[in-house]
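These protein sequence lines map, in sequence, to chains A and B. Anchor point for the first sequence: position 89 equals 89 in the numbering used here, and the numbering is continuous, going up by one each time. Anchor point for the second sequence: position 314 equals 505 in the numbering used here, and the numbering is continuous, going up by one each time. Where a beta carbon is used, it is the ideal one built from N, C-alpha and C, also for glycine. Structure, as structure tokens:
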Amino acid sequence: MSELIIILISAILVNNFVLVQFLGLCPFMGSSNKIETAIGMSAATTFVLTLASMVSYLVYQYLLVPLDITWLRTIAFIVVIAALVNFTEILMLKTSPLLHKVLGIFLPLITTNCAVLGVALLNINAGNSFVESAFYGFGAALGFSLVLVLFAALREKLNLADVPAPFQGPSIAMITAALMSLAFMGFTGLV
Amino acid sequence: MAVKKIKLPTKLKAFSTSLIMLWVLAACIPGLVALTVFFGWGSIINIIWLGIWALLFESMVLVFRKRPLGFYLKDYSALVTAVLLGLCIPPSSPWWLSLTGIFFAIVIAKHLYGGLGQNLFNPAMVAYAVLLIAFPLEMTNWTIPLGIEQEIDAYTGATALDLFRNERGAMLVNEFWSQHSAFGTLSGIGWEWVNGGFLLGGLVLLYKRIIGWQIPVAMLGSLLLMSALFYDGGSSASGGSPFMHLFGGGTMLGAFFIATDPVTASTTPKGRLIYGALIGIVTYIIRVWGAYPDGIAFAVLLGNFTAPFIDYYTQPTPSQHA
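Here's what the structure looks like:
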């Protein structure tokens, strides 16, 4: 049990996907203009990331390893994740239109999120078991959500600031992200 | 832009920015005196050097942005940043170290965001974190305080907090305490006086109502709670006594002077309590389980980073709408 908690803390704070490992930066920059959007994106990402890390574990262990084609894992994961996300979207549309309305537009975006593929590959590299993979994916998603929502709130405040002309827009957002990354370096050595 | 001066009917004498900044500077004096008594003239020299560069960088940016020099320089905010950074960095730090720091503080953390009142992160703490990550060796070498017998050639060493974290091994707290003369009676020779000085200055600021009570109380309270919970009766796995945490490192400076920065802290009453508590808890976590000797700077930066979010969800509702 304590091992799973360590995996969670490590994925959320110490090895935060966005600020420490620099994965999933596109949705981090792209969907952080408003808090509501950021919360929708975080919920969808949490769902997909957890599911994707479990499914990619199963695909790797029961399909790629027996057939001895583990060198195809990158392509296999991309296909599996894209199919999984599309399938989830269709399923969601038919069974729960409300949830689809909340998460719907974000789901196709997530397929191109490198954090999803990153989680799957990092799980394989670390030799995690099924439960550990699921927790790692969940922790990575929680870390992503935390940082995304906080960053969205920061950017709403930043909109009011009198930023010098050459630094307006994405460049000051990048500098802010860098300073946030600096703050997260304080967690080095916790786990 | 010319602002028309209107006389407010309600308040006879309001604090202007420059008056607040001057009070903050004055409140730093007891702590600075303690630092000078125990660690030599280094801090004062650093502060003068940092102050000169802070004003130079500030004027440089103002000239680039075609803003009136006199108006912005007279609010003393650059000097406050310089003094706070000068109080944080080791007294024996080389000239280029403080120069790099003040560049990051004034130009990057403050003026890229539009100057005073608009920066998202505390400038002095951004500078401190940058320096700690870029030059860890220079930043963790503190001058050895007066009153500790050392070999003649040793002029600098680890602080009491740092010693406690790195060299204790599996010893009991009391055992380790009595072996090292650096610990003094409460939290380390010199450190208890330095923190006491900043506590005194902080109380003056509280009395003058320049800072609110919420952030210091929440921060010190949560730090006290965490250190009492994990004190563990001084066993070998203990995180150190609550006294060591409250009066060690930069606790009091952080609680009264840095976390209370009105620009980067949370602004709602309830939000300030949450913000202060968060800083206290993160400080303890980084001090005890993290890799850096003191967690104040990172904790304040993380607090700054969550402040807009805390504000967003703690907006007080007007009583008629409740």
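Item: Quick one: does A:GLU3 have its CB under 8 angstroms from some CB of chain B?; Value: no
Item: Quick one: what's got a C-beta closer than 7 angstroms to A:ASN15's C-beta in the same chain, skipping five residues either side?; Value: GLN21
Item: Strictly under 8 angstroms for the Cβ-Cβ distance: is B:PHE434 near chain A by that measure?; Value: no
Item: For B:MET251, count neighbouring C-beta atoms within 10 Å of its own C-beta (all shown protein chains included) and say buried if the count is 16 or more, exposed if not.; Value: exposed
Item: Do A:ALA178 and A:THR50 have their beta-carbon atoms positioned less than 8 angstroms apart in this structure?; Value: no
Item: Check whether the Cβ atoms of B:VAL479 and B:GLY430 sit closer than 8 angstroms, and answer yes or no.; Value: yes
Item: Output needed in chain order: residues of the segment 177 to 189 of chain A with a Cβ under 8 angstroms from some Cβ in chain B.; Value: LEU179, MET180, LEU182, ALA183, PHE184, MET185, GLY186, PHE187, THR188, GLY189
Item: Report yes or no: is there a C-beta of chain D within less than 8 angstroms of the C-beta of B:LEU213?; Value: Within the model displayed, chain D is absent; protein chains A and B are what it includes.
Item: So, with DSSP's three-state summary, where would you put B:TRP232?; Value: coil
Item: Report back the beta-carbon spacing between B:LEU323 and B:LEU278 to the nearest angstrom; my notes put them in contact at under 8 angstroms.; Value: Not quite, the Cβ-Cβ distance comes to about 15 angstroms (not below 8 angstroms), so this is no contact.
Item: In or out: A:VAL147 buried (at least 16 other Cβ within 10 Å) or exposed?; Value: buried
Item: Could you give the uninterrupted runs of the alpha helix (DSSP H) lying entirely in the segment 425 to 512 of chain B, keeping only those of 4 residues or more?; Value: 433 to 437, 460 to 480, 487 to 504
Item: Distance cutoff 8 angstroms, beta carbons only. Does B:LEU311 sit that close to anything in chain A?; Value: yes
Item: Less than 8 angstroms between CB atoms is the rule here; does A:VAL20 satisfy it with respect to chain B?; Value: no
Item: Compute the Euclidean distance between the alpha carbons of B:ALA325 and A:PHE106, then round it to the nearest angstrom.; Value: 38 angstroms
Item: For the structure I just gave you, are there three or more beta carbon pairs, one from the segment 436 to 451 of chain B and one from the segment 384 to 392 of chain B, closer than 8 angstroms?; Value: yes
Item: Check the Cβ of A:GLU156 against every Cβ in chain B and list those closer than 7 angstroms, keeping chain order.; Value: PRO499
Item: How should B:LYS301 be labelled, buried or exposed, when 16 other C-beta atoms within 10 angstroms of its C-beta is the threshold for buried?; Value: buried
Item: Starting from the beta carbon of A:ASP162, find every residue of chain B whose beta carbon is closer than 8 angstroms, and list them in chain order.; Value: GLY305, GLY306, GLN309
Item: Apply the 10 Å Cβ neighbour rule to A:CYS26 and answer buried if 16 or more other Cβ atoms are within range, or exposed otherwise.; Value: exposed
Item: Give the straight-line distance between the Cα atoms of B:LEU223 and B:THR474, rounded to the nearest whole angstrom.; Value: 23 angstroms
Item: Relative to the C-alpha of A:ALA115, which residue among A:ILE5, A:PHE28, A:LEU63, A:ALA153 is closest?; Value: A:PHE28
Item: So, is the C-beta of B:PHE496 closer than 8 angstroms to a C-beta in chain A?; Value: yes
Item: With C-beta atoms as the reference, is B:TYR466 less than 8 angstroms away from A:ILE35?; Value: no
Item: Please name the residue in A:LEU99, A:ILE172, A:MET180 whose C-alpha comes closest to that of A:MET41.; Value: A:LEU99
Item: For chain B, find out if any of its Cβ atoms is closer than 8 angstroms to the Cβ of A:LEU49; answer yes or no.; Value: no
Item: Consider the Cβ of A:ALA153: report whether some Cβ of chain B lies at a distance smaller than 8 angstroms.; Value: yes
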